[in-house]
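Working notes for the structure below.
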Amino acid sequence: MFKNIVIRELMDHLKSLRLLITFLLLIVLMAVSSVLFLQEYQQQMRDFSRNTAETRDINSKNVTRPAALFNLFSYNWQGPFVYKSPNRLAFISEGQEKNLPNSFSPSAFKIYGPYKKLRSNVFLDYFASLDWALIFGVVLSFAAIILVYDSICGEKEKGTLRLAIANSVPRSTLLLGKFLGGFIALAVPVILGTLIQLLVLILGGTGFQSADWIRVMLSLVFIFLYLSCYLMIGLFISSRSNNSSTSLVAGLLVWAMFVVVIPGVSGMIASDMVKLPSREVALENAWSHWSDVIRKYNQENPETTGASGHWSPGEPLERAILAADAWSEVMNDFRNRQIEQVSAARRVTFISPTAVFRSGLETMAESGIYHYLKFYKQVVDFGLTQRQFLLDHYPLASRWFFPFGKNPSPEDIDNYSALSRIKISMDEVPQFQEKRLSLNENFYASLPYFALLFMFCIVFYVAAHISFQKYDVR
Amino acid sequence: MLFTIAKRRFLANILTSRFIVAAVLIEVLFISSTAVLIRGYARRQQQFHTEVQKHDKEMSNADVYAQLSVRLDRPPEPLSIFSAGADRRIAGSVSVAHNAAPVMISGAEEDNPLLSVFSSLDMITIIQIILSLTVLLFSYNVVSEEKEKGTLRLVFSNNLPRHTFLAGNILGGLLSLFLPLLLGFLSAFLLAYLHPAVQLTGTDMLRLVLVILAAMLFLSVFYSLGVLFSILMKRSSTSLVFLLFIWVFLVILLPPGIISIVRQIKPVESQSAIDQQAEALRKEWYKRMWEYKDNHPRPEFIGEFIRDRYVETGYLPYAYHLGYAPREVAEWLINGSIYGHNLKIEYEDRIYELYHQYNVLLYKQAVLADQLLRFSPSAVFYKFACQITGTDASVQLRFMEQAEQYRQRLIQYIRNKGGLSSYRLITGNPPEAFLPVSDLIRVRDTEGYERVKSVIEKVYNPKDVKPLDLSDIPRFKFLRLSLTDSLNETLPDLIVLILLNLLLLTGCWITFIRSDVR
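Order-wise, the sequence lines are chains A and B. Numbering-wise, the first sequence is residues 1 to 474 according to my numbering. Numbering-wise, the second sequence is residues 1001 to 1518 according to my numbering.
As structure tokens, this is what we get:
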């Protein structure tokens, strides 16, 4: 009986105009988005190669100059830039990366940034890219509501529901049959659209690795969970309504709340939830801490007074490190609070299945805020690697300084001239190479979103089940 | 008869439960989003006033012209509480100095760039999405439902012209749907009007009236579209399916799709490429300073005779401040700094031009996107609302242009004060006030270093330094686009909305007079 119900539902959907339009819309959107993604990705790769080559050039020039260690790490006060690498899985979820910072300037002392150094355009409005998160997030959820809004109340209006229930069909079987019929009907265009897109991407030369295929498969699981969720919402609303027009209005308003309103309001609410000083104030505060440490150090070691406090040849490395750490403490805290603010905003959105779905896909594709967090952590680690490299290659004691303006001893003069003779090979200079997460890490990071989406499905299924059990079919 | 039909449609709409649900939701969304935006605006407004005072104080601390840097602040736009637009993400302040041009490209200095992943919900977005959807839900069956019920043939068995029936239904339907719009807007407006932080001028109110008129035009586009489909389709359900998919396409998918396409067909360089070109110019300036230094070698340099010397590097005669130095060093620094700062102005002018041209390219890309986005009525309405309320991103371009104009006035002001041609550029005392190095050495060797210190303190004591008199320095005030200019810019959008209405209404009329009412 269950099979018959599913087949009947499926056939009804297959004959419907709604599914035909959904089918066409999804196929066209997936094809267009794959072409756009290919061009965008290739452009991003070109920019990335040019930017990283520029960084390498700066470093290779710095190592050939006298006092190479100073040129590499502190002489210009700000190190060369490191860049977030383009994401070949951004067609799954671009995560608004074109509007997010993509660069830092780390050195052995401080990390400056984040910076936006991409082809973003402030004059273009912040619209999301045509990726799976948008196409499926909007069209699929919409199509699910449109497909099932009259599944129960519509049959009631036609009088076919009481006929179906008059047979020995449990209501739960009927509900599941309707769900499965709708699910299969919408899964077909999803799979076809995905296959078309993957084909275009493979032919376009996007070098997928084996782990990427698993990520794509897992993303499809996300999509199917998401689809189930909205089918359940549609069935729940349909089983709460007496006529299909009310069901449709309610369904569409719920859809608009989940897809548009909740993700929109959260950003505004979050800025109230986590207080953040202005960037200008944070920087002032950091420099004031920096000066305090310099002043204190100079008071304790009066003979070092007179130099810049940064780290030019002859200034004590110890002081530069202590001051930089004081600066970094404030700025790291500021950056962490930026992350905390956006994470709080994200958490607010998790009452919407669409927001959970988007975050899940972002985690799976390692894009958006999630990518930024991982990138930032690696930049911090890279700063520490540079620090270690500096300490390993600095030939003098970190407290040593040159007595500027006073009579230097022959030993001081020797030390000072030794600094300009430090030789460093470009091969040993630490290079920043962004590491992508392993499949396991990706999977574990996306588990909470799987669980949340699954929970939404269960909650709406139970709600639809209870409503349908109590539903007056006459 | 027209009014009877309009009244019937009006009542038929507002007495349904779905209308009440939709109207309550719209009212709640209008009020809650405006309340959140007012709070944000009040905070930004307060921050603006604090920053202006702080920046004024910082500026007045300068005791030499080389240190004179002015932070220019742009007040938040009061109408952003109705139309958030790009107001939050574009630059709120920028520093300028004779040797530092305003070059910010994006709102890179916004406090948390990560929040750009969220869109903001304002009155315009609610009208764009929720109200337009509601309009479709009330128009998809205006004619087809009557046909299905068989009441249409009854209506036309009387002596009723078809256009009167159509006009009455459109009029009544639109009036019923303007009701939640006007109620929501009035509630939001009252909320803003009663808040002490929000000061709306008469022009602001006129701008808001224009936004509401445009909203009515926008909603009537969707209403006419709904009526057109309800005439074309025999069944209401078919009409609804078509309309909903058209809505998703026009409102949700077309804007990002067009922007993605425009980014491909009219690409612009990445910001890092421009940064690299600017860096090359700065290096060129640096190189010329080294050449200058090669021709003007540094005199004998003894650190203990020097006070408060702020430089980029001690090897170059380019300083921002000098408290005391032996006369030879002071002259070397003053002359070098006069040369270096004037040269820097030339290079900063070129750097500004580089970034300005880049900004113009970005703006042209956005203009192309706007032209293509005219296919989407919702994008047209959004653009119109942002431009009329002064919250569109082009404000950033104007802010940067006005900041550069201010910088040129500042340079002229410093020149008039002799700040770019005399010792006043980096120090408060003429070089004659400083002792030659040989005298300082003699004093140190004969009378001790304490005596040198007192000699220096007689000329330069940080406690006695007087800041520059900046009472006549030019003041910066960000100029908003006048209402006439805003209207000129947005006129094409308004015309598009009117044209769409006329086209669709004509379409409705032609199809309806040719349709079979049975």
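Glycine included, each C-beta is placed from N, C-alpha and C at the ideal position.
Annotated as distal: A:LEU276 and A:ILE135, with beta-carbon spacing of 7 Å or more. When CB distances to chain B are screened at a threshold of 8 Å, the residues of the region 335 to 347 of chain A falling below it are GLN338, ILE339, GLN341, VAL342, ALA345, in chain order.
If you draw a 10 Å sphere on the C-beta of B:TYR1449, you find fewer than 16 other C-beta atoms in it, and that means exposed.
Here B:VAL1094 is not near B:ALA1393, since their CB atoms are 7 Å or more apart. Within a 10 Å sphere around the beta-carbon of B:PRO1474 sit fewer than 16 other beta-carbons, which makes this residue exposed.
Between the C-alpha atoms of B:TRP1247 and A:LEU186 there is a straight-line separation of about 20 Å. Sequence-ordered contacts of the region 1119 to 1141 of chain B with chain A read SER1119, SER1120, LEU1121, THR1125, ILE1129, ILE1130, LEU1133, LEU1137 [C-beta pairs closer than 7 Å]. Of all residues in the region 238 to 253 of chain A, only SER245, THR246, LEU248, VAL249, ALA250, LEU252, LEU253 come within less than 8 Å of chain B when Cβ atoms are compared, listed by chain position. In the pairwise beta carbon analysis, the region 129 to 148 of chain A is classified as touching the region 168 to 186 of chain A: at least three pairs are separated by under 8 Å. Taking the beta carbon of B:LEU1244 as reference, the chain A residues within 7 Å of it are ILE146, listed in sequence order. Exclusion of the five residues before and after A:MET257 leaves SER352 as the residues of its chain whose Cβ lies within less than 8 Å of its Cβ.
Approximately 5 Å separates the beta-carbon atoms of B:PRO1255 and B:ALA1379; this is inside 8 Å, confirming the contact. Within the model, the alpha-carbon separation for A:TYR394 versus A:ASP381 is close to 20 Å. Here DSSP, grouped into helix, strand and coil, assigns A:ALA68 to helix. Under the three-state reduction of DSSP output, B:SER1139 falls in the helix class. Taking a contact as a CB-CB distance under 8 Å, the pair B:VAL1103 and B:TYR1355 counts as one, their CB atoms being some 4 Å apart. For B:ILE1351, no chain A residue has a C-beta closer than 8 Å to its own C-beta; the minimum C-beta separation is roughly 16 Å.
Per DSSP, reduced to three states, the secondary structure at B:TYR1358 is helical. Relative to B:GLN1396, the option among A:VAL122, A:PHE142, A:ILE233, A:ALA68 whose CA is nearest is A:VAL122. The DSSP-derived three-state label of B:ALA1319 is strand. Per the coordinates, the alpha-carbon of A:SER420 lies some 9 Å from the alpha-carbon of A:LEU69.
Listed in chain order, the non-local C-beta contacts of A:TYR370 below 6 Å within the same chain comprise GLU362, THR363, local neighbours out to five positions each way being set aside. Taking 8 Å as the upper bound on Cβ-Cβ separation, chain A lies near residues SER1017, ARG1018, VAL1021, ALA1022, LEU1025, LEU1029, SER1032, SER1033 of the region 1008 to 1033 of chain B.
Judged by DSSP in its simplified three-state form, B:ILE1302 adopts coil rather than helix or strand. The residues TRP132, SER219, LEU361, ALA365, in chain order, have a CB closer than 6 Å to that of A:ILE92 in the same chain once the five nearest residues on each side in sequence are set aside. Under a criterion of Cβ atoms nearer than 7 Å, the residues of chain A adjacent to B:ASP1111 are, in order, LEU276, SER278, ARG279. Here the C-alpha atom of B:SER1120 lies approximately 10 Å from the C-alpha atom of B:ARG1088.
Within its own chain, the residues whose Cβ lies closer than 6 Å to the Cβ of B:GLY1419, once the five positions on either side in sequence are excluded, are TYR1065, LEU1425, listed in chain order.
Apart from the 5 residues on each side of it in sequence, A:GLU303 sits with its Cβ closer than 8 Å to the Cβ of PHE401, PRO403, LYS406 in its chain, given in chain order. Within chain A, PHE127, ALA128, SER129, LEU130, LEU134 have C-beta atoms less than 8 Å from the C-beta of B:PRO1256, given in sequence order. Shortest Cα-Cα distance from A:VAL259 to any of A:SER359, A:ARG335, A:SER241 involves A:SER359. One Cα belongs to B:GLN1276, the other to A:ARG119, and the distance between them is close to 14 Å.
For B:SER1116, the chain A residues whose C-beta falls within less than 8 Å of its own C-beta are GLN96, ASN99, LEU100, TYR126, listed in chain order. DSSP lists B:SER1095 as the beta-bridge partner residues of B:ARG1071.
Interface annotation, A:ASN51: in contact with chain B, CB-CB separation under 7 Å. CA-CA distance, B:MET1289 to B:LEU1333, rounds to 12 Å.
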